[in-house]
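Participant:
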Amino acid sequence: MTVLSLLSLLFLAAFSSLASANSDYHESLVLQPLPQSALLASFNFQSNDSQTSFNERHFRYFPRALGQILRHANTKELHLRFTTGRWDAESWGPRPWNGTKEGGTGVELWAWIDAVDDESAFAKWITLAQSLSGLFCASLNFIDSTRTTRPVASFEPTGTHAASDNLHLLHGTLPGEVVCTENLTPFLKLLPCKGKAGVASLLDGHKLFDASWQSMSVDVRPICTQTGECVVQIDQSVDIVLDIDRSKRPRDNPIPRPVPNEQLVCDTSKPYHSDDTCYPLESTSEKSWGLSEIFGRSISGSCPLTEGSTDGTVCLRVPHEREVRATEGAVEVKKPDGYTRCFTLESSTPFDLNIPEQEATTQVPLDEPVLRAERTIVGHGQERGGMRIIFDNPSDTHPVDFIYFETLPWFLRPYVHTLQATITGRDGLRRQVPASQFIKETFYRPAIDRERGTQLELALSVPAASTVTLTYDFEKAILRYTEYPPDANRGFNVAPAVIKLSPAGGGGGASHPIYIRTTSLLLPLPTPDFSMPYNVIILTSTVIALAFGSIFNLLVRRFVTAEEASAMRAQTLKSRLGGKLVALRDRVKGKTAKTE
Amino acid sequence: MAIRDIVVNPSLLPVLNLSAETRDQCMQLLAVLDPSADSYSDSEERALAASKEQKQLFALLARLRGLNRDAILRVRETKQATAEARQEIDRLHLQLQNLYYEQRHLTGEIAACESYDHKYLALPLIPLEEFLALHPEHRESDEHDLMIARINHEHAEREKLEQARQELLKRKQALIAENNKRKEDLASLDQDLERFIDVSLCPSEFRTMLLTPGRPPSPFRRSSKRSISGGLAINSNNSNSPPTLSHLVLYQATSPSSKHVLVMIAKNEDLSSSQTVDPHPDYTMTVSTPSPRPPPPEKPEAIRTRFKVIAAFWAVIILLGFPIWWKTTSIYRASLPIPEMIDWADGKTCRPVFPLEIRVETPHLPDAEAQHLLRTTQHTLDDLNEFSAHHLRLKLSNDNVDEPLNEPADTALTVRLLPQDDLINPKSELQHDTTQLDVFYSPNQIPPLSSSNPPLSAYIAGELQQLFTEEKAIIAQILSNSHASSAAATSQPSSTMLSSVSPQLADSIAKRQRRSMKYADTYHLAFSLFTPGTEPSSWDIQAAVHDYITPLLQAFSPISNFTVDTQVQLYATFAPTAPAPEYDESHGAWTLKPEDLSAFINAAEWPLSPSIGPGPTINFILYVPDAAQSPLVVKDSLATSWVVPQWGGVVLLNPANGAQLQHLSGDALQAPFLTFSHQLLTLLGAPSTPAALPFRLQTLTRIRAASLLLSASSTMGSLARLTESLPSIPIPATVAASVATTLSHLTSTCEHLRRGRFQAALADARIAETEAERSFFEKSMVGQMYFPDEHKVAVYLPLLGPIGVPLIVGLLKEVKKAIALRKARKAT
């Protein structure tokens, strides 16, 4: 726990060094092999434009399309996240960037908007969401009042803002949004080098969205130095966890093939080991991989705008004794931490990186996550359900303080009085304790049907070496007929919860908070039979018409005998014909009572 | 047995002989050799004799062998001959056997034929005598023919009988069916009567009928009397026996009309027996249908009740149902002044006129002379002008007293008359930064008060006319375009005006009209630096915009607002579909074909998205080509800039010495930005003459006011036509309010124009245009379009169909009856 995450240190160091630079562009790529043949690739692109030229609408590195949107929506600070997949904290350790550059599954957007009051802030927020929706080809325009919250403690502005600004924080999520290539293309267009040079040239939709986990983020914030020089910084990052084996498959033949018999390494000590039975041994050597193998292309030189930056652009985190073959011309710098080496690219020559298969003697140590969180829906039936959130503090010494923030859609109505806590120690004993023992503060904003969702923020503290389980019950609302989406039986997405670990408590000394997001949930709601209204219309119409017809006829018709009726009919040709018809009918039915 | 007895074949006899001879020779040889015999003296002799004998023996043996071979050969031949002969014998034997079989089979067949037992022998024919009696012509024929004839006869007879049988069967079926029908009729009559007796509508009569002694006492007698009117059904099914009336039932039916129906049913138990012969005519079934009587006329109470019922239903429908339906399904349609709107669109309400006030400053002239000069100049101007909508009014600068109440009209131009001594002809000069025309004249050219057409006034008039030629042409064009479809009377003056301007001018005006942006409150200017590579990546844009664009925008600020965005975009390559520039050896430059310029802008890749917020975006692109493709020019004209109509402008910047610049300095940007400012003027629709910018802007004010007035009017017309053609769309009150605002502002625009206050006119026209657009694009007007009438019918029909039909039929019948009643009353 005391070991500072080297990864985050690196990122933070890079961040602080870049933050001071003025009107500049930087990009970096950090590659780190993870256990189970996974590879984490963190792309980061950062460009600054001075605040004055931003205000005068002279855009150089900052994309004009985004700048216009921000100006139009009075947005001072913007954070946009596109995420798919699940970060496997059990095997991959803590999240990249300490979770600050990732969002919940789907799309997450939060922004600080300068407005005089809440209403105008919300109007600007809607404008912002709709403009971004057009820019990023995402359904951000579906962020309406029911999906918008105003978190109190979960988010802090990261930029420097003037005290005179009347800032409003608004937060919205779209857990059901599917992130795909159409979001990546506008993302790349925002870069000054447009993915045609520099590390961005590796980004390819086919590989990126084939990853086990991927997250794209856009952060815009104003940053002022001590000297009063202000810049507007746009920080774009893409983090992906690729399966090396899967990525190495050729694109035209992606079907996995079994390992040939000769290449299988078997555990001969097994009693059942024979010619046709094999218990494969865990390979002790690391698999070979290369940039062009995994991403399908190599880096086409550095982006010329980054010239002058001394830091390496591409960094690889493997032990120093590991053999790495890079393209000629790239300058390799080994960092003193023993695990990081960085390469500076040539401006026009393509760059590739190859790691041959070799025995792995040491591994880059991964930190234990500070907190593990899991959120699930429990219960059964169409009417009620329950939420269960499990917080696991792996540390044996330090308690963890954090803020738990969740937004629930209005059709999920929680009963906060049922909020209960259970604590389980390492001994495995469960004890029911009052929830107030862990919950230090609560901010609760109840939902209003069809207007806003529930917002629940809890300041929690989990003691060392224990697992705390929070549960509460909820009721599922019945939606109106037109409120159901086309795929109503799939269920309704519930946004992931956001956990902010305050830096002092569990961050291990880091000055920036750590964010953890749970997975998104799928809530099944009672769904009606959608053809019912039409059936009801037709059926009731028919019944009413039948009843009315017979009553009306009984009231207004005169009853005579059959002979009289035929006598009356016999007077005209038409009625004679009619009489014959009636006779025929009577022969069939034997019915004698006739009406006029 | 001796060998001679065995071998008898003569061919073998020589062999035998020879063998005997040989044997003898052997014997001799033996004898010779026999030592005991000692017939020879010495051994030599003996040997000689022996050899002689031996030789003879050998010869004999050789002959014997030859004979032996011959014999063997002969034996073989004989064997072969024997085998052949044997084969022949076998074949013949087989043939014989076959013949034997055939013979036996045929014998069998013959026996079978002889023993065949034919059907005709068993036919039960009529006896021969009978047949002969029937057909005497066969008496002579032999037995075979006779038999055939008999069989034929039998066949014919049988067919006849079969036919008869079928007929009889049919008749039987018909009779059974008839029987069943009668039975059913009777059964139903039975029920009918029972019912009538039970619920007898007039039981008293029935009772009296039964009980009154004066009447025929027995119902049976009645039956005999009324059997014509009543129904009598006798069912007979047996062939030769009279019908057995197993039971006879008698019913008497009564009805309000005192009609009696008497039914007699004869039921025969034996229905199943078959019928082979026609029933006797005596027993033919008789069924007589009852001759019905019409029901009695309805009671007046019943008619009244029915009328009330139908009236009540209709009252509920009309008073309750219909208002509810109307209330719940009607849409709100605010009333719009449709005729007024259409009048505006047709240009009937307002005929835009442009009286331009021109102030004449005559600091060095006495009042009377100035007045005279003014009058004569005005007169000349009026003579020159053939476009009545646009005319110039001269006014002395100190002449402000004529309109003390109204606010004064805008001054379009100030003419200053300045005396200059050494001038032969008057000279004029338009000031560049104000709207002022200086006219220099020599003092001796002041016309005397008596002269009617002095040269100085003619000169001034000509100058003024010249200044306003283009403006007039543009306004005439705008008016004629908008009124192309409206009445010819309004477009008359403008078309005559149009015909008078030179074709080149008209052409250039039309071209500019097509190129220029539509009027908007706010224009967004976006200056973009594009380069296919990485350099240049920065430019001194702030200074360039400040130096070249901002002054222009300030001048335009009374007309529109502007925002300025700039961006730098690297790696901006051409679209893959766009044709690549070609190298032209003669000019040493890369050339783009003029027809390919439309594909120059890579709309898919280059971030040229329009700016957010209302108003169009005007894009200005500064393209710095790659060093490898520099210099880049347009083919033939060698131009490096062009205007994309209603979109923006493009300038190609080729670095001076072919070297790539990392940074574009202010000097490098001077030429492109001057081009941009020129393009901006074109895109905003400013006239090209005269040179003075303030004057051109004033002209633009008038042009914009005119075009806005016309565009708002035509929007009103479109809205009016839309609301008329789509009766199902709602019209919210806001639309009505917007329309009212638009119309009032249009009116005031027209009024301002008439009074020559063009700035105010433009302000009003802007409001009118905004409101007109708002009313036309009102969102809530669109929703109802998706519920067509067919949809409603599909929902209502299942309910309204079955309910409506009996209601309407009932109503129609009542109405018919009422009419008939009235007619009958009139007749009586």
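These protein sequences, in sequence, are chains V and H. Residue 109 in numbering that gives the first Met the number 0 is what sits at position 110 of the first sequence, and the numbering runs on without skipping anything. Residue 184 in numbering that gives the first Met the number 0 is what sits at position 185 of the second sequence, and the numbering runs on without skipping anything. Don't be surprised by glycine CBs; every beta carbon is placed ideally from N, CA and C. Keep in mind that this is a model prediction, so the values were computed, not measured.
1) Taking the alpha carbon of residue 329 of chain V as the reference point, which residue from V/321, V/122, V/319, V/340 has its own alpha carbon closest?
2) Quick test of your reading: residue 682 of chain H and residue 652 of chain H, contact by CB under 8 Å. State the CB separation rounded to the nearest angstrom.
3) Report the option in V/496, V/448, V/465, V/489 whose CA atom is closest to the CA atom of residue 474 of chain V.
4) Could you name the residues of chain H that residue 58 of chain V contacts, counting a contact when the two beta carbons are closer than 9 Å?
5) Given this structure, state the Cα-to-Cα distance separating residue 508 of chain H from residue 715 of chain H, to the nearest angstrom.
6) Over what stretch of residues does the beta strand (DSSP E) that includes residue 48 of chain V continue unbroken?
7) Does residue 505 of chain V have its Cβ less than 8 Å from a Cβ in chain H?
8) Using a Cβ cut-off of 7 Å, pull out every chain H residue sitting near residue 541 of chain V, in sequence order please.
9) What does residue 385 of chain V pair with, by DSSP beta-bridge criteria?
10) Thinking C-beta only, is residue 412 of chain H closer than 8 Å to residue 361 of chain H?
11) Just to confirm, are residue 290 of chain V and residue 352 of chain V a CB contact at a threshold of 8 Å?
12) Between residue 63 of chain V and chain H, is there a C-beta pair that is closer than 8 Å?
13) For the segment 201-217 of chain V, which residues have a CB atom closer than 7 Å to at least one CB atom of chain H, in sequence order?
14) Quick check: the segment 127-140 of chain V against the segment 174-185 of chain V, are at least 3 beta-carbon pairs closer than 8 Å?
15) Is there at least one Cβ from chain V nearer than 8 Å to residue 802 of chain H's Cβ?
16) From the DSSP output, in three-state form, read off residue 646 of chain H for me.
17) Which residue's Cα is closest to the Cα of residue 206 of chain V: V/187, V/246, V/190?
18) At which residues does the alpha helix (DSSP H) containing residue 592 of chain H begin and terminate?
19) Would you say residue 104 of chain V and residue 74 of chain V are within 8 Å of each other, going by their C-beta atoms?
20) Given that a residue counts as buried once 16 or more other Cβ atoms are within 10 Å of its Cβ, and exposed if not, what is residue 814 of chain H?
21) Within its chain, find whatever has a CB closer than 7 Å to the CB of residue 193 of chain V; leave out the 5 residues flanking it on each side and keep chain order.
22) Looking at C-beta atoms only, is the number of pairs between the segment 249-264 of chain V and the segment 52-68 of chain V that lie closer than 8 Å three or more?
23) Can you tell me the Cα-Cα spacing of residue 226 of chain V and residue 698 of chain H, whole angstroms?
24) Evaluate residue 115 of chain V with the Cβ neighbour count: other Cβ atoms within 10 Å of its Cβ, from every protein chain shown; 16 or more gives buried, anything less gives exposed.
25) Here's a check: name, in chain order, each residue in its chain whose Cβ is nearer than 6 Å to the Cβ of residue 373 of chain V, leaving out the five neighbours to either side.
26) Short of 6 Å in beta carbon distance, which residues of its chain neighbour residue 54 of chain V, apart from the five on each side in sequence? Order them along the chain.
27) For residue 312 of chain V, which residues of its own chain have a beta-carbon under 8 Å away from its beta-carbon, when the five flanking residues on both sides are left out?
28) Going by CA-CA distance only, name the one from H/541, H/741, H/556, H/753 that's closest to residue 771 of chain H.
29) I need the DSSP call for residue 640 of chain H, collapsed to helix, strand or coil.
30) Based on Cα-Cα distance, which residue from H/691, H/812, H/14 lies nearest to residue 432 of chain H?
31) Which class does residue 574 of chain H belong to by DSSP, given the choice of helix, strand or coil?
32) In chain H, which residues lie with their C-beta within 8 Å of the C-beta of residue 554 of chain V?
33) Look at the alpha carbon of residue 12 of chain H and the alpha carbon of residue 63 of chain H, and state the distance between them as a whole number of angstroms.
34) Does any residue of chain H bring its CB to less than 8 Å from the CB of residue 68 of chain V?
35) State the start and end residues of the unbroken alpha helix (DSSP H) segment that holds residue 188 of chain V.
36) Let me check one thing: in DSSP terms, what residues is residue 173 of chain V bridge-paired to?
Facilitator: Answer, in terms of the structure:
1) Your numbering for residue 329 of chain V matches position 330 in the first sequence. Checked all of V/321, V/122, V/319, V/340; the closest Cα to residue 329 of chain V is V/340.
2) Position 683 of the second sequence, counted from the start, is the residue given in the question as residue 682 of chain H. Position 653 of the second sequence, counted from the start, is the residue given in the question as residue 652 of chain H. In fact, because the Cβ distance is near 20 Å, the residues do not count as touching under 8 Å.
3) The residue you call residue 474 of chain V lines up with position 475 of the first sequence. If we check each option's Cα against that of residue 474 of chain V, V/448 comes out closest.
4) Reading the first sequence from its first residue, position 59 is the one you call residue 58 of chain V. Residues of chain H passing the Cβ test: 564, 565, 566, 567.
5) In the second sequence, counting from the first residue as 1, residue 508 of chain H sits at position 509. In the second sequence, counting from the first residue as 1, residue 715 of chain H sits at position 716. Cα to Cα, the separation comes out at about 27 Å.
6) Translated into the one-based positions of the first sequence, residue 48 of chain V becomes position 49. Residue 48 of chain V: member of the beta strand (DSSP E) spanning 37-49, first to last residue.
7) Numbered from 1 along the first sequence, position 506 holds the residue referred to as residue 505 of chain V. The predicted model places residue 505 of chain V with a pLDDT of 44, which falls under 50 and marks its position as unreliable, so this point remains unresolved.
8) Taking the first residue of the first sequence as position 1, residue 541 of chain V is located at position 542. Result: 797.
9) By 1-based counting over the first sequence, the position of residue 385 of chain V is 386. According to DSSP, which records beta bridges pairwise, residue 385 of chain V is partnered with V/377, V/472.
10) Counting from one through the second sequence, the residue named residue 361 of chain H turns up at place 362. Counting from one through the second sequence, the residue named residue 412 of chain H turns up at place 413. Their beta carbons are not under 8 Å apart, which means residue 361 of chain H does not touch residue 412 of chain H by this criterion.
11) Counting from one through the first sequence, the residue named residue 290 of chain V turns up at place 291. Counting from one through the first sequence, the residue named residue 352 of chain V turns up at place 353. It is a contact, given that the beta carbons lie within the stated cut-off.
12) Mapped onto the first sequence, residue 63 of chain V falls at position 64. Interface residue (Cβ-Cβ distance to chain H less than 8 Å): residue 63 of chain V is classified as such.
13) The residues in question: there are none.
14) These segments touch.
15) Start at 1 with the first residue of the second sequence, and residue 802 of chain H comes out as number 803. Any Cβ of chain V closer than 8 Å to the Cβ of residue 802 of chain H would place that residue at the interface, and such an atom is present.
16) For the purposes of this step, residue 646 of chain H is taken as residue 647 along the second sequence, with counting starting at 1. Look at residue 646 of chain H here: in three-state DSSP terms it is coil, with no helix or strand label.
17) Translated into positions along the first sequence, residue 206 of chain V becomes position 207. With distances taken between Cα atoms, residue 206 of chain V lies closest to V/246.
18) Start at 1 with the first residue of the second sequence, and residue 592 of chain H comes out as number 593. Per DSSP, residue 592 of chain H is not a residue of any alpha helix (DSSP H), being assigned neither H nor E.
19) Numbered from 1 along the first sequence, position 105 holds the residue referred to as residue 104 of chain V. Numbered from 1 along the first sequence, position 75 holds the residue referred to as residue 74 of chain V. No, the Cβ-Cβ distance between residue 104 of chain V and residue 74 of chain V is not below 8 Å.
20) Numbered from 1 along the second sequence, position 815 holds the residue referred to as residue 814 of chain H. So residue 814 of chain H counts as exposed.
21) As a working mapping, residue 193 of chain V is identified with position 194 in the first sequence. Counting only Cβ-Cβ distances below 7 Å, and skipping sequence neighbours, we find 187.
22) The answer is no - the segment 52-68 of chain V does not touch the segment 249-264 of chain V, with fewer than three Cβ pairs under 8 Å.
23) Here residue 226 of chain V refers to the residue found at position 227 when the first sequence is read from its first residue. Here residue 698 of chain H refers to the residue found at position 699 when the second sequence is read from its first residue. Distance between residue 226 of chain V and residue 698 of chain H, taken at the CA atoms: about 51 Å.
24) By 1-based counting over the first sequence, the position of residue 115 of chain V is 116. Exposed.
25) Mapped onto the first sequence, residue 373 of chain V falls at position 374. Correct list, in chain order: 389.
26) In the first sequence, the residue the question calls residue 54 of chain V occupies position 55. Take residue 54 of chain V, set aside five residues on each side of it, and no residue of its chain has a beta-carbon closer than 6 Å to its own.
27) Walking along the first sequence from the start, residue 312 of chain V turns up at place 313. Taken in chain order, the residues that qualify are 26, 27, 28, 197, 198, 301, 305, 341, 342, 343, 344.
28) Your numbering for residue 771 of chain H matches position 772 in the second sequence. The shortest CA-to-CA distance from residue 771 of chain H to any of H/541, H/741, H/556, H/753 is the one to H/741.
29) Numbered from 1 along the second sequence, position 641 holds the residue referred to as residue 640 of chain H. Strand.
30) Within the second sequence, numbered from 1, the residue matching residue 432 of chain H stands at position 433. Taking only the C-alpha atoms, the option nearest residue 432 of chain H is H/691.
31) For this step, residue 574 of chain H is matched to residue 575 along the second sequence. Here residue 574 of chain H sits in coil by DSSP.
32) If you number the first sequence from 1, residue 554 of chain V lands on position 555. Near residue 554 of chain V (Cβ distances below 8 Å), the residues of chain H are 305, 308.
33) Sequence index remark: in the second sequence, residue 12 of chain H carries index 13 (1-based). Sequence index remark: in the second sequence, residue 63 of chain H carries index 64 (1-based). Distance from the CA atom of residue 12 of chain H to the CA atom of residue 63 of chain H, rounded to whole angstroms, is 12 Å.
34) Indexing the first sequence from 1 puts residue 68 of chain V at position 69. Yes, residue 68 of chain V lies at the interface with chain H (some Cβ there is under 8 Å from its Cβ).
35) Working through the first sequence from its first residue, we reach residue 188 of chain V at position 189. Per DSSP, residue 188 of chain V belongs to the alpha helix (DSSP H) from 180-188.
36) One-based indexing of the first sequence puts residue 173 of chain V at position 174. Paired residues: V/106.
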